Amino acid sequence: MTNRYRVRFAKGVAAVLAAGLLAAACGSDKPGTPDSTNKPTSGTVGEKPTDKKPQPGGEISYGLEADTAGGYCLPEAQLAIAGIQVARAVYDTLMIPNADGEITPNLAKSMTANADNTEWTIELREGIVFHDGTKLDAEIVRDNLLAYAGLYAARSPLLFKFVFGEYTKGVETTGPLTVKVTLNKAWPAYPWFLYGSGRIGILGRAQLDDAATCNKNAIGTGPFALKEAVPNQRVVVEKNASYWQKDADGVQLPYLDKITFVPQEIEADRLTALKADDLQIMHTSSSNNIDDLRTLSKDGTLASIESNKFGEVSYLLLNGTKPPFDNIKARQAVAYAQDRQLGNERLSRGIAALAQGPYAPGTPGFLEDAGYPEYDLAKAKSLVAEYKAETGNDIEFTYTFSSDPEGVRTAEFLQTLMKEAGITVNLNPVGDQSTLINLAIGRGQQAIGWRNHPGGDPDTNYVWWHCDAKEGPCDNLVNFGGWNDPEINALLEQGRASADQAERKTIYENLNREFAKKLWNLWSNYTNWSIASSPKVHGILGPPLPDGSKPSDGLATGHSLLGLWIEQ
Amino acid sequence: MLEVKDVRTSFKTDRGLVKAVDGVSFTLERGETLGVVGESGCGKSVLSKTIMGLLPSNASRSGSIKFEGQEIGGPSIKHMRDFWGTQMSMVFQDPMTALNPVMKVGKQITESLRHHLDVSREFANETALQLLSSVGIPEPERRLKQYAFEMSGGMRQRVMIAIALACGPKMLFADEPTTALDVTVQAQILDLLEAQQAERFMAMILVTHDLGVVAGRADNIMVMYAGQSIEMAPTRTLFSQMRHPYTEALLKSIPKLNQASHTRLDAIGGRPPDLVNPPVGCRFAPRCPYAQAKCHQEAPPLMVHDTPGHEYACWFPVGTPQGAEALAKNQGSIGTAVGGQ
Amino acid sequence: MSEVAPMTEASPEPTQEEEEATKRGLGIAAWLAIGWLGCMVFLAVSASFLPLDDPINGSIRETPGVSYFTEGHIFGNDLLGRDTLARVVVGTSTSLSIAALSIGFGTLIGGFVGLVAGYVGGRIGTALSAMFDILLAFPPLLLALTLVSVLSPVTETDPPSRIKRMLVVALAVGLVSIPILARITRANALSWSQREFVMAAKSQGAKPFRIMLREVLPNVVPAMLSVALLGLASVIIVEGGLALFGLSINPPDPSWGNMVASQVDDLGETPHVWIVPSVFIFLSVMSLNLLGDVVRDKFAVREAAI
Amino acid sequence: MTWLLRRVAQLVVVVLVVTFFAAILTSLLPGDPVKTIAPFATPQDRARISEELGLDKNVISRYVDWAGNFFTGDMGTTYAGAGLQGDSISARVRESLPTSLTIVFYVQFLTLLIALPLGVFSAYRQGSLFDRGGNGMAFALVALPTFVLAALLKFWLGLKLDWFPTQGYTKIGDGIGNHFKSVAMPVMTLMVGQIAIYSRLLRSDMISTLQEDYILMAKAKGIPSRRILWRHALRPSSLTLLTVAGLNIGALVSGALIVERIFKIDGIGGLIYTAVGQRQYIAIQSYVAVIAILYVVINFLVDMLYSVLDPRIRNV
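Here it is as structure tokens:
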């Protein structure tokens, strides 16, 4: 589809029931899975170390899963993973996560808080220039941060206003390279938000102040500069020769001269293009592709790395404000009727990792077992009966999903499974993502296939679930389920306010368990991401971060393009 | 010059073999005109196409056709192609359909000149001009650049004659050349053909369903019925002593000039026989007012009778005592004799 | 070189025998086509009575995705364990219904308007044919796309029923076919309206409507039929195309297009699931085209009328 | 001159009616376009966007605004979000239309190149093995769904044999070799069915032409078969083909969506599809107008060609 109008937070793909750690343990030997060693993964696998020295120069074509409509004016842009990957070429963020799940300074030299985490001082690196030659200084960073908070006149951010607006009291410069952010409340995880899944890039002045063409006139400090963007066709970026980072040997980064990003929505076709060397690198989260890639990378035809670390979770997003899902019995019935293992075998070639909660491996709060209901048809049936006794109605709901083949299969599978438990599902396919998202925003749905919550710090999910209203339906526009759960609200607030990592871990584990009890969302699986490439391409995860730590090996928010190089 | 002996032409169709021409023989000398007469479907047009070698692929032909002593119409189309236009050519029935509607008439004349005689464009144009004026077309220069649809019917037929004459053929087939024309111009065209034939000393076969057309113009007339020649005689003889009942019927039914073309000959009851399974005996017998039992059993041979050059195939010829007797007998009891098919 | 009619002379009318002969000789291919389409219509009509597996709710617990000629699944089953045969048979009824409805609709409207435009002629005729031209200038894809979206909007709680959705798709596609059918009918009606027998009927004072229906229409029918057959063929293909964009009938109901579309993301995964309906599409389209051709040949329909 | 004026008037009328129809149709599209454009906008933002897009006005005045801009040469921009300027519509058309037209041109040109001799020869040898085989093949090819063919080509020629790139379009200016390689598979996919249709159309018209007396007449003049076929028979037989080819251009330009999508080509069909999905009203109008203009112009050219091919039409 050419009209994927993606929002930045979710690819609303309905990979809801596709999952299964246990499935693979039971051995999946269905046709199409040639190799029974293709087990589901947890964490990151497949990066092959190379002893070759990086060769600067050359260009590659990078296959993306979607086009980004609306361009790259980051405060307002609607970026999914494909857009984020491009944004990471053009912009740098102030902070960046490392492989240990810590947030480290990037454009910032350091970021420090006062004792109660309400004042943050950001010290910037010296000598960094934007693509247009202007300097990165405290003033432009201040204006960027104000813009993201919705406090800068030239920009009108939409979603980020929810994230920052309420907390940001003021941003001021305290030196040529020093910015001080004052918050209304304590916010220990604030540095994570200055990474924002790679979306909080720092824009140059000319772009930031440009009211009309901010989306086209991309100016960042990133390793590549935007040369050309043709909707649905390609985004071409070229090496920023005066980039501020060098590798360990003192060679100027990035290595590549040019990257052409090519959106190819059809998963199988993207892999075909890679095999034909029409692309040299691509990302994918399709189980079929990943399964094929495991085989292909084993025999050396292609290289691939794969990860669900810090990943997103796919789930069934229920509307908790209206029947049947305002009743916990209905939510439980559906949860128990979901044979997730079977779904994994049938729809994901048995390679997906079943989710227990919203937090993917690597994220604090992640639990191997959060108490999420296991498949139990008898229990599901009795819950259906209880619901009927209580309300006089059978459980019936409409499931809305995007009408791509994968979405359709998942929906049909859900329908069949629910029928076994006596639950009626009406299928409502929608042609494009925007309709899906609009439904969710208006809370018009009963159930939607959804994918969200890429990891890093668990506090980043506050915006999706927290309600300010003490009772009644949630007043938070982007809590699409509309539920207002005091326990969850309280845990979110505690988690945000706490600076003690051990304490936070406990809080978020509790939150995880709370979700498994309340079943506001019915978790499916952690999203596997794979970066597949020609064997000639190396350096996918990138060089060490500026502070010397290893770069993050999560792929859900893209990867660094700094270290990418191709044998010539 | 043209010697046709026992020519048979048949077409393979879904229904079986259609014997369109079934054993026709005649000779024709240079400067002579042979009129071939018969009603629609009798095989007269096929005969001329057979001689020309213009049969479709589902047709087969036997017998001998000699042109200037040489056997023609062999298997090679290339061989015939050299004959067409230069040795023999044809004037078709309907000048509207036989002229290419999207090609200028000049081009249609010069094309065969250039192909056969390998002359220069200028010379071909010059010749075309002369041809057009010789067939009586005024303002030939303007006409050369016109299309067929821009001309009147008579004019078109003149153009076609010019095309046929372009390469100086020794023999001309005129296949119902006036049927599609207004009555007023029919005579003009026939006169033109006659004049050209005389001037160029060509042999001409004039095919028509109208005995009146050939009356004053042909040297000999051949009457065809159901693929066979049933009576042939010098024109004068035929009109004065016709012997075949069919010829008689034809003459009686000469279309009045105000009749539309292709009107069935009302005077002859019934339909022409099916050429896939022609009746045994005389083919005209089922429609013949003279027919007797013998006619339905035994086919009369085509033989010279009475005067030299007059041959006909009939057991009870018109104008003979046998004929008169047979007719009288039939008029008494029509039903019994007409048993056929 | 050119084939001349079997009769030797340019006889003014074919004899009765000849006409019968022309009608008789359909040829093996045409009979095969009629046979295939007959089977399809039979399947479509009797889909709900045939002893087939459940086409919607498969046996997800049994081995899914098995290939052809497996016990109990002659055409295999899909990833959800649904029997391909059952789905393709029910899909036949859906796809053929959509095709028949849309072309029926197109023929009815296009045929009527074309007939009027061709028979009445004059200003009305010109105005009407200008209208077809304008409709033809409208991108058909956009028309179908928008119509399906407009007539079958996404509502949260009440997805359209199978029948409604089928009607919507048929209407959208049918609308696209109107100008084409109208043009052909008009051109044929125009030429028949100038024949002697119509003039004769006119001169005898018959009412225009009556002449149109009794004199002109019967002669235009072969042309319409021929085009309608070709139209059916193209609707079957168009339905497949719409399905690729999620615009055919809603899942889980099968149609040929839906079945193909369901595997289009990975053709190698369970190839029988898309190959079987593709073969059905292929053979049906071929048969319809062939018959359309036969009708055209038999009735000597003027193709230049398009 | 009046004739030309009439043509231009006709063009204007067709474009106006078609785009007005498009305006009404798109205004019926369900869903709030503002929500589609800016899902998280506040009510004030919404009101502003609505005003900028003219959504607060009725269809007619919105249409009048658009038409005024369009006919003064301003196609406007797509809508990118709150206050942001989207892509220039005319730039998108400039990018996509030549691509579509180039491909359609190749398809039509090559199709005719193959279909003409095929049609002529199978009519000439009507009933022969060649004719019957070709006819059967034609039926098979027409019935082959595009996506199946595209997928097969992509797999064999793109991946296995690696002759052509599996996706993307290279402009002719960016390397002729790469250009032809990039269009090879899309063009082949679109051609296959067309060849069958065209050659069969030509064949049947040619067969009836070959039964004409003037063909026999040309033969009787001793003109060689080849010349008869190409010079005498082809021209009067090609009118139907021409009509269909003309109509087809319009359909191909906007309708090659599946092929565009599979081979990742930025054509006008994809533009329209995207614009409908994103509720880009102004863009839809302009694209429809462009296609309508194209359609009218092509049909005008076809009419001109008619009179070149058939002198009888010239005088009517």
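Protein chains in written order, with my numbering: chain A, 1 to 568; chain B, 1001 to 1341; chain C, 2001 to 2306; chain D, 3001 to 3316.
C-beta: ideal position from N, C-alpha, C; glycine also.
Keep in mind it's a predicted model, so treat the numbers as computed, not measured.
Task: Distance between Trp529(A) and Asp299(A) (C-alpha atoms, nearest Å) - done: Taking the straight line joining both Cα atoms gives about 20 Å.
TODO: On the DSSP bridge assignment, give the partners of His538(A) in chain order.
DONE: The beta-bridge partner set that DSSP reports for His538(A) consists of Trp565(A).
- [ ] Please compile the residues from chain C whose C-beta is within a distance smaller than 7 Å of the C-beta of Ala3021(D).
- [x] Strictly speaking, residue 3021(D) in this sequence is Phe, with Ala absent from that position. Result: Phe2138.
Open item on the list: Looking at chain A, is there any beta carbon in it that lies within less than 8 Å of the beta carbon of Ile3262(D)?
Closed with: Yes, because at least one Cβ of chain A sits closer than 8 Å to the Cβ of Ile3262(D).
Task: Extent of the continuous beta strand (DSSP E) run through Pro97(A) - done: Its beta strand (DSSP E) spans residues 95-97.
TODO: Taking 8 Å as the cut-off, decide whether the C-beta atoms of Val1091(B) and Ile1205(B) are in contact.
DONE: Not closer than 8 Å, so no.
Open item on the list: Between Met282(A), Phe515(A), Asp116(A), which has its C-alpha nearest Leu555(A)'s C-alpha?
Closed with: Nearest option by C-alpha distance: Met282(A).
- [ ] Would you mind sorting Pro1321(B) into buried or exposed? The rule is 16 or more other CB atoms within 10 Å of its CB.
- [x] In summary, Pro1321(B) is exposed, with fewer than 16 beta-carbon neighbours lying within 10 Å of its beta-carbon over all protein chains present.
Open item on the list: Taking a contact to mean a Cβ-Cβ separation below 8 Å, would you say Gly3119(D) touches Ser3225(D) in this structure?
Closed with: In this structure, the beta-carbon distance from Gly3119(D) to Ser3225(D) does not fall below 8 Å.
TODO: Out of Ser297(A), Asn344(A), Val179(A), state which residue places its alpha-carbon closest to the alpha-carbon of Glu139(A).
DONE: Per the Cα distances, Val179(A).
Open item on the list: Any C-beta of chain D within less than 8 Å: which residues of the region 2045-2070 of chain C qualify?
Closed with: Of all residues in the region 2045-2070 of chain C, none has a C-beta nearer than 8 Å to a C-beta of chain D.
TODO: Please report the Cβ distance between Asn461(A) and Cys474(A), rounded to the nearest whole angstrom; I am assuming they are in contact, meaning their Cβ atoms lie under 8 Å.
DONE: So it is not a contact: roughly 14 Å between Cβ atoms.
Open item on the list: Below 8 Å on the Cβ atoms is my contact criterion, and I expect Gln1157(B) with Pro1177(B) to pass it. Report the Cβ-Cβ distance as a whole number of Å.
Closed with: About 6 Å; that satisfies the 8 Å criterion.
Task: Terminal residues of the alpha helix (DSSP H) in which Lys2202(C) lies - done: Counted as a single uninterrupted DSSP element, the alpha helix (DSSP H) harbouring Lys2202(C) occupies residues 2196-2203.
- [ ] Report the option in Ile531(A), Pro358(A), Asp376(A) whose CA atom is closest to the CA atom of Glu368(A).
- [x] The option with the nearest alpha carbon to Glu368(A) is Pro358(A).
TODO: For the region 255-270 of chain A and the region 502-513 of chain A, state whether three or more C-beta atom pairs, one from each stretch, are separated by less than 8 Å.
DONE: Contact between the region 255-270 of chain A and the region 502-513 of chain A is absent, because fewer than three Cβ pairs lie under 8 Å.
Open item on the list: Is Pro1095(B) a contact residue of the ligand COA, with contact defined as CB to any heavy atom under 7 Å?
Closed with: Inclusion of the ligand COA in the displayed structure is not the case, the ligand content being empty and no account of it being possible.
Open item on the list: Counting only beta-carbon separations shorter than 8 Å, does Tyr2209(C) have a partner in chain A?
Closed with: Note that residue 2209(C) is Phe in the sequence shown here, rather than Tyr. Interface with chain A (8 Å Cβ-Cβ cutoff): Phe2209(C) is excluded.
Task: Proximal residues of chain C, C-beta to C-beta of Leu2956(D) below 7 Å - done: Examination of residue 2956(D) is not possible in this model, given that chain D is present from 3001 through 3316 alone.
Open item on the list: According to DSSP, simplified to helix, strand and coil, what is Leu427(A)?
Closed with: Taken through DSSP and simplified to helix, strand or coil, Leu427(A) comes out as strand.
Task: Burial state of Gln3044(D), where buried means 16 or more other Cβ atoms lie within 10 Å - done: Exposed, by the Cβ-count rule.
Task: CA-to-CA distance, Ile2281(C) to Asn106(A), given in whole angstroms - done: Asn106(A) and Ile2281(C): Cα-Cα distance of roughly 58 Å.
Open item on the list: Let me check one thing: in DSSP terms, what residues is Leu180(A) bridge-paired to?
Closed with: Checking the sequence, you will find Lys at residue 180(A) rather than Leu. Thr121(A), Glu172(A), per the DSSP bridge assignment.
Open item on the list: Contact between the region 445-461 of chain A and the region 300-320 of chain A is defined here as three or more beta-carbon pairs at a separation below 8 Å; is this criterion met?
Closed with: Touching, yes, given that three or more Cβ pairs across the two stretches are closer than 8 Å.
TODO: For Gly1085(B), return the contacting residues in chain D, with the cut-off set at a CB-CB distance below 9 Å.
DONE: Here the neighbours are Ala3220, Lys3221, Gly3222, Ile3223.
- [ ] Give the secondary structure of Arg1061(B) by DSSP, where H, G and I count as helix, E and B as strand, and everything else as coil.
- [x] Strand, per DSSP.
Open item on the list: Taking DSSP's pairing of strands, which residues face Arg451(A) in a bridge?
Closed with: Answer is Ser314(A), bridged to Arg451(A).
Task: Minimum length 3: unbroken beta strand (DSSP E) runs contained in the region 1180-1266 of chain B - done: Runs of the beta strand (DSSP E) inside the region 1180-1266 of chain B: 1203-1208, 1220-1225, 1228-1234.
Open item on the list: Residues of the region 3138-3153 of chain D in Cβ contact with chain C at a cutoff of 7 Å, in chain order, please.
Closed with: Answer set for the region 3138-3153 of chain D: Phe3139, Ala3140, Val3142, Ala3143, Leu3144, Pro3145, Phe3147, Val3148, Ala3151.
- [ ] Would you mind sorting Pro486(A) into buried or exposed? The rule is 16 or more other CB atoms within 10 Å of its CB.
- [x] In this structure Pro486(A) is exposed. Its beta-carbon is surrounded by fewer than 16 other beta-carbon atoms within 10 angstroms.
- [ ] Determine the direct distance from the alpha carbon of Ile3298(D) to that of Asn308(A), and round the result to whole angstroms.
- [x] Those two C-alpha atoms are separated by around 54 Å.
Task: chain B within 8 Å of Glu3212(D), Cβ atoms only - done: Yes - at least one Cβ of chain B is within 8 Å of the one on Glu3212(D).
Open item on the list: Here's the rule: buried if 16 or more other CB atoms are within 10 angstroms of the residue's CB, otherwise exposed. What is Cys26(A)?
Closed with: The pLDDT assigned to Cys26(A) is 27, lower than 50, so where the model puts this residue is not dependable; a value taken from the coordinates is nonetheless given after this. Flag for Cys26(A) reads exposed.
TODO: Mind listing the chain C neighbours of Ser3254(D)? Cutoff is C-beta to C-beta under 8 Å, in chain order.
DONE: Chain C residues near Ser3254(D): Pro2139, Pro2140, Leu2141, Leu2142.
Open item on the list: Quick check on His1115(B) - is its C-beta less than 8 Å from some C-beta in chain D?
Closed with: Taking a beta-carbon distance threshold of 8 Å, His1115(B) counts as an interface residue toward chain D.
Open item on the list: Counting C-beta neighbours from all protein chains within 10 Å, is the total for Pro2055(C) 16 or more, i.e. buried, or is it exposed?
Closed with: Flag for Pro2055(C) reads buried.
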